[in-house]
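For the sequence shown, our numbering begins at 84 and goes up steadily by one. Positions of the beta carbon are idealized from the N, C-alpha and C atoms, including for glycine.
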Amino acid sequence: MKAWMAGVAALALTGCVSVEYAEEAGYVAPAEEGAHALRGAEALGATDRSLHDRVLTMDTHVDIGQGYATAALDPGGFTRAQVDLPKMRDGGLDAAFFIVYVGQGLISPIGYEEAAEEAEDKYQAIMRMIRGYRDQIALATTADDVEAIHESGRLVALIGMENSWPLGEDLDNVAMWAERGVRYVSITHFGNNQFGGSSNPNLAQGDPTEGPGLTELGRGLVRELNDHGVMVDVSHVGKRTMLEAIELSRAPVLASHSGARGVYDHPRNLDDEQLRAIRDNGGVAQMVAFRRYIGEVDPELAEAERALAEEMGFSSREAYANASDRQRDAYQARLRDLRASMNDITISTLVDHIDHAVAVAGIDHVGIASDFDGGGGVGGWDDASTTPAVTAELERRGYSESDIAKIWGGNLLRVMRAVEAAAR
Numbered sequence: 084m085k086a087w088m089a090g091v092a093a094l095a096l097t098g099c100v101s102v103e104y105a106e107e108a109g110y111v112a113p114a115e116e117g118a119h120a121l122r123g124a125e126a127l128g129a130t131d132r133s134l135h136d137r138v139l140t141m142d143t144h145v146d147i148g149q150g151y152a153t154a155a156l157d158p159g160g161f162t163r164a165q166v167d168l169p170k171m172r173d174g175g176l177d178a179a180f181f182i183v184y185v186g187q188g189l190i191s192p193i194g195y196e197e198a199a200e201e202a203e204d205k206y207q208a209i210m211r212m213i214r215g216y217r218d219q220i221a222l223a224t225t226a227d228d229v230e231a232i233h234e235s236g237r238l239v240a241l242i243g244m245e246n247s248w249p250l251g252e253d254l255d256n257v258a259m260w261a262e263r264g265v266r267y268v269s270i271t272h273f274g275n276n277q278f279g280g281s282s283n284p285n286l287a288q289g290d291p292t293e294g295p296g297l298t299e300l301g302r303g304l305v306r307e308l309n310d311h312g313v314m315v316d317v318s319h320v321g322k323r324t325m326l327e328a329i330e331l332s333r334a335p336v337l338a339s340h341s342g343a344r345g346v347y348d349h350p351r352n353l354d355d356e357q358l359r360a361i362r363d364n365g366g367v368a369q370m371v372a373f374r375r376y377i378g379e380v381d382p383e384l385a386e387a388e389r390a391l392a393e394e395m396g397f398s399s400r401e402a403y404a405n406a407s408d409r410q411r412d413a414y415q416a417r418l419r420d421l422r423a424s425m426n427d428i429t430i431s432t433l434v435d436h437i438d439h440a441v442a443v444a445g446i447d448h449v450g451i452a453s454d455f456d457g458g459g460g461v462g463g464w465d466d467a468s469t470t471p472a473v474t475a476e477l478e479r480r481g482y483s484e485s486d487i488a489k490i491w492g493g494n495l496l497r498v499m500r501a502v503e504a505a506a507r
């Protein structure tokens, strides 16, 4: 998955080793190990949980693991994934964008072909989940769909594409993916592509240090996304490319999973100029719960995590994949205890980013994303079952129920409707 691009050392630093290795191994928790079922329900008292349950909650970025929606990783039961259907119900997470993600590779006909095949695999996995659990979850392609499915008592699935590289150089592919239900496409991921510059250029592959902005093909991509009612996603996008996309777009844009650079200076995060540009465009910036994107990981904790992985023999991808269920369980339990006993990055840090984004862009232009199963998670919100704890922290900070409803989904629905209208 994504964090593998940064290597094993980076995974250990972020505390995402178990998540990433588990995805690669397609590891599923035994059905009887249902401890997850209690944590979300216990996260809030009855009064606070009532507020959380009244609010429509939408997470704009949930990745899927290897073997997703097969016997290897069945989202219909409690799994080792951070998001599955029981965890969503337990934590009152009503809707999520499930992601067709492909990491950046060669900009060439062969590269495009391989990327398209991987994107197809991800899309089919998402659709297997939706078809397999029709009574529990349904695909939404409009804001009205989201509300109608939610009112029916089912969970809501939406689809986003992270990295436009699989589209190749044929912009007619936008229409095909829009028809299949994709409702946002991010211009880049790690590394520049045929459409524009990344917030994290791949210098080893020859990407320039200075952002190139949108290419001519990238300008065409923005127009096609507008024409087909697909949100232009500016997360992972270089600043120049992002600002040019906003200027060109005739519809509001989305930053599907970013942080506020004014709180933590990371290339993935949005500075105040970018936040104001999203505000002026009418868009929404979703603040992401990803430890190393939103805060400085305590060096002592990072070293303890590396030492734990080394002690338990999980210093490589293959070692984790070949471990027994019992060994993985033991490692994950010790990792959780380690984080709980030391200075972990928590929900409080996530809400610091929300506070800053609201102060700069306004309450109507901020939302929430987890990046679960793609490296995301913070102390207190490390899987979907504990989602109510985020609401509790927002309420503790003084946000009203109306404010919380906007942050959790109202702002995103407004943007979706504006994008739909611009397409018509």
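Straight-line Cα distance separating residue j from residue i
| i | j | result |
| --- | --- | --- |
| ARG422 | SER399 | 21 Å |
| GLY366 | ASN276 | 24 Å |
| THR429 | VAL371 | 12 Å |
| ASP63 | HIS233 | With the chain covering 84 to 507 only, the question about residue 63 has no answer from this structure. |
| ALA198 | VAL185 | 6 Å |
| SER281 | ASP316 | 12 Å |
| ASN364 | LEU358 | 10 Å |
| LYS205 | ILE147 | 8 Å |
| SER339 | GLN369 | 5 Å |
| ASP486 | PRO335 | 20 Å |
| ALA413 | LEU297 | 47 Å |
| MET499 | ASP227 | 9 Å |
| ILE490 | GLU201 | 32 Å |
| ALA120 | ILE270 | Note that ALA120 scores 34 on pLDDT, short of 50, meaning its location in the model is unreliable and no value can be drawn from it. |
| ILE190 | TRP248 | 8 Å |
| GLY450 | GLU393 | 37 Å |
| GLU484 | GLU478 | 8 Å |
| ILE437 | VAL473 | 11 Å |
| ASP290 | GLY279 | 11 Å |
Residues that DSSP places opposite residue i in a beta bridge
| i | result |
| --- | --- |
| TYR151 | LEU156 |
| TRP464 | VAL461 |
| LEU353 | ALA343 |
| PHE373 | GLY460 |
| ILE182 | GLY243 |
| VAL71 | Limits of the chain in this structure are 84 at one end and 507 at the other, which puts residue 71 out of reach. |
| HIS272 | GLY274 |
| ALA338 | ALA368 |
| ASP142 | ALA179 |
| VAL380 | None, per the DSSP bridge assignment. |
| MET499 | Paired residues: none, contrary to the question. |
Candidates the options: closest to residue i by CA position
| i | options | result |
| --- | --- | --- |
| SER453 | VAL166, GLN149 and ARG132 | VAL166 |
| ASP324 | LEU300, ASP420 and GLY188 | According to the sequence as given, residue 324 is Thr; it is not Asp. The shortest C-alpha separation from THR324 is found at LEU300. |
| ASP427 | ASP447, GLU386 and GLU503 | GLU386 |
| ASP136 | PHE278, GLY175 and GLU478 | GLY175 |
| GLU230 | TRP464, THR140, SER407 and HIS436 | THR140 |
| GLY294 | LYS322, LEU304 and LEU308 | LYS322 |
| PRO192 | PRO471, GLU484, LEU250 and ARG417 | LEU250 |
| LEU418 | GLY378, ALA402, GLY462 and ARG306 | GLY462 |
| VAL434 | ARG132, TRP464, ILE270 and ILE190 | TRP464 |
| VAL346 | ALA338, ASP355 and SER339 | ASP355 |
| LEU156 | ARG211, ASP173 and LEU495 | ARG211 |
| ARG306 | ASP290, ARG333, GLN288 and ASN285 | ARG333 |
| PRO382 | ARG266, THR292, MET425 and THR162 | MET425 |
| THR224 | ILE209, ARG263 and ASP420 | ARG263 |
| GLY458 | ASP142, PHE373 and GLU245 | PHE373 |
| GLY460 | ARG266, TYR482 and SER431 | SER431 |
| ALA312 | ALA261, GLN415 and ARG172 | Per the sequence shown, residue 312 should be read as Gly rather than Ala. Selected option, being the one with the closest Cα: ALA261. |
| LEU222 | ARG214, ALA240 and ALA208 | ALA240 |
| ALA208 | ALA152, ASN246, GLU252 and ALA501 | ALA152 |
| ILE213 | SER235, ILE242, ASN256 and GLU203 | ILE242 |
Same chain only: Cβ atoms within 7 Å of residue i, ignoring 5 sequence neighbours per side
| i | result |
| --- | --- |
| VAL145 | VAL166, ALA179, PHE180, PHE181, ILE182, SER453, PHE455 and ASP456 |
| ARG362 | ALA444, GLY445 and HIS448 |
| TYR376 | GLY342, HIS349, ARG351 and ASN352 |
| ALA360 | LEU326 and ILE329 |
| TYR216 | GLY159 and LEU168 |
| GLN219 | LEU168, ARG237 and LEU238 |
| VAL111 | Here the model assigns VAL111 a pLDDT of 34, short of 50, so the residue's position is not dependable and the matter cannot be decided. |
| GLY194 | GLY188 |
| ASN309 | SER332, ARG333, ALA334, ALA505 and ALA506 |
| HIS439 | ALA343, GLY345 and VAL346 |
Near the ligand SAM: residue i beta-carbon under 7 Å from a heavy atom
| i | result |
| --- | --- |
| ASN494 | Looking at this structure, you won't find the ligand SAM or any other ligand, since it has none at all. |
Close Cβ partners of residue i (< 6 Å) along its chain, the five nearest in sequence each way excluded
| i | result |
| --- | --- |
| ASP466 | GLN165 and LYS170 |
| ALA488 | VAL138 |
| GLY378 | TYR347, ILE428 and THR432 |
Contacting residues, own chain, Cβ-Cβ under 8 Å from residue i (five flanking each side not counted)
| i | result |
| --- | --- |
| GLY303 | LEU254 |
| ASN283 | PHE273, GLY274, HIS319, PRO350 and ARG351 |
| LEU384 | GLY98, LEU421, ARG422, MET425, ASN426 and ASP427 |
> Hey, which unbroken runs of the beta strand (DSSP E) at 3 residues or more fall wholly within the segment 397-485?
Replying inline: Fully enclosed beta strand (DSSP E) runs of 3 or longer: 449-452.
> What runs of the alpha helix (DSSP H), each 4 residues or longer, lie entirely inside the segment 191-266?
Replying inline: For the alpha helix (DSSP H) assignment, the uninterrupted runs of no fewer than 4 residues enclosed by the segment 191-266 are, from N- to C-terminal side, 192-215, 226-234 and 255-262.
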